Ligand SMILES: Cc1cc2nc3c(=O)[nH]c(=O)nc-3n(C[C@H](O)[C@H](O)[C@H](O)COP(=O)(O)O)c2cc1C
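Numbering (the working numbering), first residue to last: 150 to 513.
Shown next as structure tokens:
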């Protein structure tokens, strides 16, 4: 039986992931994240994922103007949970590999071997220019920098003393102990979309997060095969459950109508200032877009959502789905009570296993 993992893209920055004046406006707190985590664990989900955000995009909703820091937050959530895997985003520009190696080993200890990191090179460099830490020419060698950093951190996690002479890092008999609980080291995930980003993920990561684009999925699996590896493909989905399909579609349309164009345009402009792939910001202009990080909206009654999710899992052969919600507590509650049982049943008929529910204790 094929196993598919389900997780949550946690709302670490204000207002979550929907750039709409109609969406709930809130500032993230530990208490909110703790409540989502407890509910996710009770639901039988597999993991939580936090992005890292260092600036917001203004507009009437002041989107993402307040955000918590994902590594420190996940450490607290580790102490509040017992089973979920926890993935927090880390940018190598911000932490020397020796510091990061010990931070990760610490949270792996706090969590009892449930922690992993999402290694990013910076979605929008404005976040790092404001700190004055972007080295000259960084955009050209972002993934080389991440490659060296990742090689160094893996060495620190697995070797007693590390001597590493690279272009960016210089370690001499460098120690890092204790080692992480997970062997050889904690899970690594990645979310790049450029060929370089996909290759980086294929070489180092256990999971690659991406949109539901068959070509990109096949390319990533192909890159992983070149490195003699397999990689799990994970994708984001925005779940919008309402009692009926009509109510859900009406809500989705209203969210779009009241889009915070100013905040979204600020994010698009910031993305374009990076002068990377010219098409990188295009998807943010697509008519169905209501924010960043949501992936495809899946709206409808609980039964419709369960059917859509089952179809999507079967047709795209993905290994993991991570959900965003408009109201994480309320809508995750609906997922648990009304969507999960139907989804589990539909998938079982196709020989796909999801942890949801009481059987999770015996899952592989
Ligand atoms: C689920 C998901 C989470 C992401 N989280 C972050 C993040 O926290 N910080 C960041 O700088 N970029 C983040 N990104 C962006 C990617 O790391 C990547 O920079 C972006 O997709 C552009 O690809 P490229 O780096 O290959 O050019 C995320 C992307 C996805 C799909």
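Ideal placement from N, C-alpha and C gives every residue a C-beta, glycine not left out. No experiment lies behind these values; they were computed from the predicted model shown.
Asked, Found
"If you follow the beta strand (DSSP E) that residue 450 is part of, which residue opens it and which one closes it?", "Run containing residue 450: none; DSSP gives neither H nor E here."
"Classify residue 218 as helix, strand or coil using the three-state DSSP reduction.", "coil"
"With a threshold of 7 Å, establish whether the CB of residue 315 neighbours any heavy atom of ligand 1.", "no"
"Classify residue 471 as buried or exposed, calling it buried when 16 or more other Cβ atoms lie within 10 Å of its own Cβ.", "buried"
"Reducing DSSP to helix, strand and coil, say where residue 169 ends up.", "strand"
"Residues around ligand 1, please: the condition is that the C-beta lies closer than 5 Å to some non-hydrogen atom of it.", "200, 201, 238, 269, 271, 272, 340, 341, 342, 343, 346, 358"
"Only counting runs of 3 or more residues, tell me where the beta strand (DSSP E) segments fall wholly within the segment 362–440, in order along the chain.", "381–390"
"Please return the same chain residues whose Cβ sits closer than 6 Å to the Cβ of residue 513, not counting the five positions on each side in sequence.", "For residue 513, the predicted structure reports a pLDDT of 35, less than 50, and the residue's modelled location is therefore unreliable. The matter cannot be settled from this model."
"Are the segment 204–217 and the segment 281–293 in contact at 8 Å, needing three or more beta carbon pairs?", "no"
"Roughly how many whole angstroms lie between the Cα atoms of residue 277 and residue 200?", "15 Å"
"Label residue 377 either buried or exposed according to how many other C-beta atoms from any shown protein chain fall within 10 Å of its C-beta, with 16 as the threshold for buried.", "exposed"
"What did DSSP end up calling residue 192 once you bin it into helix, strand or coil?", "helix"
"Using three-state DSSP, classify residue 499 as helix, strand or coil.", "coil"
"Could you work out which residue in 419, 297, 324 is closest to residue 306 when comparing CA atoms only?", "324"
"Note down, in chain order, each residue of its chain lying with its Cβ closer than 7 Å to the Cβ of residue 388, except the 5 sequence neighbours on either side.", "447, 454, 472, 474, 480, 484"
"Have a look at residue 508 and residue 499 and give me their C-alpha separation to the nearest angstrom.", "Note on residue 508: pLDDT 45, under 50, position unreliable in the model; no value is reported."
"I need the straight-line Cα distance from residue 186 to residue 230, nearest angstrom please.", "7 Å"
"Would residue 156 be called buried (16 or more neighbouring beta carbons within 10 Å of its own) or exposed?", "buried"
"Run through DSSP, which three-state label would residue 513 get?", "Below a pLDDT of 50, predicted positions are generally treated as unreliable, and residue 513, at 35, falls in that range; the measurement from the model is reported next regardless. In the structure shown, residue 513 sits in coil (DSSP, three-state: anything other than H, G, I, E or B)."
"Sort out for me which residues DSSP pairs residue 445 with in a bridge.", "386"
"Could you have a look at residue 233 and say whether DSSP puts it in helix, strand or coil?", "coil"
"Using a Cβ-Cβ cut-off of 7 Å (strictly less than) and excluding sequence neighbours within five positions of residue 228, which residues of its own chain qualify?", "259"
"Please classify residue 257 as buried or exposed, where buried requires at least 16 neighbouring CB atoms within 10 angstroms.", "buried"
"Using 8 Å for Cβ pairs, my map puts residue 194 next to residue 482. What's the rounded Cβ distance?", "Incorrect: roughly 13 Å between the Cβ atoms, too far for contact."
"For residue 476, I'd like the list of residues in its chain whose CB is within less than 8 Å of its CB, leaving aside the five on either flank, ordered along the chain.", "173"
"Give the straight-line distance between the Cα atoms of residue 386 and residue 494, rounded to the nearest whole angstrom.", "20 Å"
"Which value, in whole angstroms, describes the spacing of the CA atoms of residue 562 and residue 458?", "Coverage of the chain is limited to positions 150 through 513, which leaves residue 562 absent and any answer about it impossible."
"Beta strand (DSSP E) containing residue 156: first to last residue?", "154–158"
"Measure the C-alpha to C-alpha separation of residue 315 and residue 273 and round it to an integer number of angstroms.", "26 Å"
"Whole angstroms are fine: how far does the CA of residue 237 sit from the CA of residue 413?", "24 Å"
"So, with DSSP's three-state summary, where would you put residue 339?", "strand"
"Mind checking who residue 356 pairs with in its DSSP beta bridge?", "338, 381"
"Could you tell me how far apart the beta carbons of residue 177 and residue 167 are, in whole angstroms, since I believe they sit closer than 8 Å?", "Residue 177 to residue 167, Cβ: 14 Å. No contact."
"Among the residues of its own chain, which have a CB less than 7 Å from the CB of residue 426, if the five just before and after it don't count?", "343"
"On the three-pair Cβ rule with 8 Å, is the segment 246–254 touching the segment 328–347?", "yes"
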